[in-house]
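The block underneath contains the structure these notes are about, expressed in structure tokens.
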Amino acid sequence: MLTVAVSLRYVNQSICELCFKVCYNGPKWLVIFCGYSTPDLVMTQPETNAVYPITIQDILIYRVQAFDNYLHLTHAIFTRKGGLSQPPFYALNLSVSVGDSPQTVAKNIELACRIVNTTPNQTISCYLVHGADVLTVTQNNQQRVMGHADGLITGEPEVYLFMRFGDCTPLIFFDPIQNAVGLTHAGWRGTMKNAAGATVKAMTRQLGCQPKDIMAVIGPSIGPCCYEVGKDVMAAAQSLMASDSLFQPNGTPNHAYFDMWEAYRRQLEATGVEQIIQSKLCTACRTDEFFSHRAEKGRTGRFGVIIGLKEAAA
Ligand SMILES: [Zn+2]
Numbered sequence: 079m080l081t082v083a084v085s086l087r088y089v090n091q092s093i094c095e096l097c098f099k100v101c102y103n104g105p106k107w108l109v110i111f112c113g114y115s116t117p118d119l120v121m122t123q124p125e126t127n128a129v130y131p132i133t134i135q136d137i138l139i140y141r142v143q144a145f146d147n148y149l150h151l152t153h154a155i156f157t158r159k160g161g162l163s164q165p166p167f168y169a170l171n172l173s174v175s176v177g178d179s180p181q182t183v184a185k186n187i188e189l190a191c192r193i194v195n196t197t198p199n200q201t202i203s204c205y206l207v208h209g210a211d212v213l214t215v216t217q218n219n220q221q222r223v224m225g226h227a228d229g230l231i232t233g234e235p236e237v238y239l240f241m242r243f244g245d246c247t248p249l250i251f252f253d254p255i256q257n258a259v260g261l262t263h264a265g266w267r268g269t270m271k272n273a274a275g276a277t278v279k280a281m282t283r284q285l286g287c288q289p290k291d292i293m294a295v296i297g298p299s300i301g302p303c304c305y306e307v308g309k310d311v312m313a314a315a316q317s318l319m320a321s322d323s324l325f326q327p328n329g330t331p332n333h334a335y336f337d338m339w340e341a342y343r344r345q346l347e348a349t350g351v352e353q354i355i356q357s358k359l360c361t362a363c364r365t366d367e368f369f370s371h372r373a374e375k376g377r378t379g380r381f382g383v384i385i386g387l388k389e390a391a392a
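The sequence shown begins at 79 in my numbering and counts up one residue at a time.
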């Protein structure tokens, strides 16, 4: 009996809910036909989570549901699943700075780029330094590792912003009105320097965005369940922001759990961003899917985030 599975999600590429193969590869409402025998019509429920997992060519990624409405926007939050690296970098490690084989990492980057229909030559990275500098990049910067910065923004198509993470937070930005994207890396130092707000301001000044139009995603990173910090971080936060409820005592003197996700949310809100999307995925809790520097005691890899805009169809 022919079974029809209908997904109510608008996607570029997806997996048949029944036979677990990529059954359709194109932008349209996903309608899957497969030979799996079942008496019932299978209706996939609309995705309710802010980000959702999907496996493409054996690589597990998360996508931002709100971004699926924009066909010219390409993005992926990669996980550790699907690459070629051996433990402790198993498997989709995208960083050469952690001790993994550079050849293997290069292959992993090619695999990751293929998932978002781009190539390593079209990506742009930067040397992450836990600051709040944001660089505006263009097609002239493709295939480059820019200078020291923790934020990249662009208003040009075919420019794919690419960064690596392993507990620090990917802050992912998209303005569908100005067709601009941004990607920022932020740990606790980035929180204190307000890297989130700096990115919004850079998009406003450099690319003509209005904060209210910007969609901002707080991506997978170490969460308030696991991020224990000392009194230095607490003192720094108290001097810079309303830090009440950002710290929860954890029973250890002069230590507490820090809610970076909420800190980013407040900082984004303060700049006028209204569409703030929390992925609420803790890398330290989920080392089955993500690399976590802290949970894996420094011997681990880095997962990637890529975002860019496709050239508009003629
Ligand atoms: Zn956790």
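Glycine is no exception: its CB is placed at the ideal position from the N, C-alpha and C atoms.
Do you know offhand how far residue i's Cα is from residue j's?
i, j, result
"residue 101", "residue 315", "With a pLDDT of only 36 at residue 101, under the threshold of 50, the placement of this residue in the model should not be trusted; the figure read from the coordinates follows. Straight-line Cα distance between these residues: approximately 49 Å."
"residue 344", "residue 211", "19 Å"
"residue 335", "residue 317", "18 Å"
"residue 177", "residue 332", "33 Å"
"residue 184", "residue 350", "39 Å"
"residue 286", "residue 256", "7 Å"
"residue 290", "residue 171", "35 Å"
"residue 365", "residue 379", "11 Å"
"residue 324", "residue 310", "14 Å"
"residue 180", "residue 188", "12 Å"
"residue 151", "residue 330", "45 Å"
"residue 200", "residue 149", "19 Å"
"residue 382", "residue 360", "15 Å"
"residue 229", "residue 354", "18 Å"
"residue 247", "residue 386", "18 Å"
"residue 186", "residue 206", "20 Å"
Under the criterion of a Cβ to heavy atom distance below 6 Å, does residue i qualify as lining ligand 1?
i, result
"residue 362", "yes"
"residue 304", "yes"
"residue 58", "The chain is shown only over 79 to 392; residue 58 falls outside these bounds and no answer can be derived."
Sorted by chain position, which residues of the same chain lie with C-beta nearer than 6 Å to residue i's C-beta, five sequence neighbours on each side aside?
i, result
"residue 137", "160 and 193"
"residue 203", "223 and 240"
"residue 253", "287, 291 and 292"
For the beta strand (DSSP E) that contains residue i, what are its first and last residues?
i, result
"residue 258", "258-264"
"residue 331", "Unbroken run through residue 331: none, as it is neither H nor E."
"residue 231", "229-232"
"residue 43", "Coverage of the chain is limited to positions 79 through 392, which leaves residue 43 absent and any answer about it impossible."
"residue 212", "212-214"
"residue 172", "Residue 172 -> no beta strand (DSSP E), and no H or E assigned at all."
"residue 305", "Segment: none, residue 305 is in no beta strand (DSSP E) and carries neither H nor E."
"residue 221", "No beta strand (DSSP E) holds residue 221; DSSP gives it neither H nor E."
Which residues mark the beginning and the end of the alpha helix (DSSP H) in which residue i is found?
i, result
"residue 317", "309-318"
"residue 277", "273-285"
"residue 378", "Careful: residue 378 lies outside any alpha helix (DSSP H) and carries neither H nor E."
"residue 390", "Here residue 390 belongs to no alpha helix (DSSP H), and DSSP marks it neither H nor E."
Rounded to whole angstroms, how far is the Cβ of residue i from the Cβ of residue j, which I believe are closer than 8 Å?
i, j, result
"residue 338", "residue 277", "No, residue 338 and residue 277 are not in contact; Cβ-Cβ is about 15 Å, not under 8 Å."
"residue 357", "residue 295", "7 Å"
"residue 282", "residue 273", "Going by Cβ atoms, the distance from residue 282 to residue 273 rounds to 15 Å, so no, they are not a contact pair."
"residue 388", "residue 235", "6 Å"
CB-CB under 8 Å to residue i, same chain, minus the five flanking residues each way: which ones, in chain order?
i, result
"residue 362", "245, 300, 301, 303, 304, 305, 370, 372 and 373"
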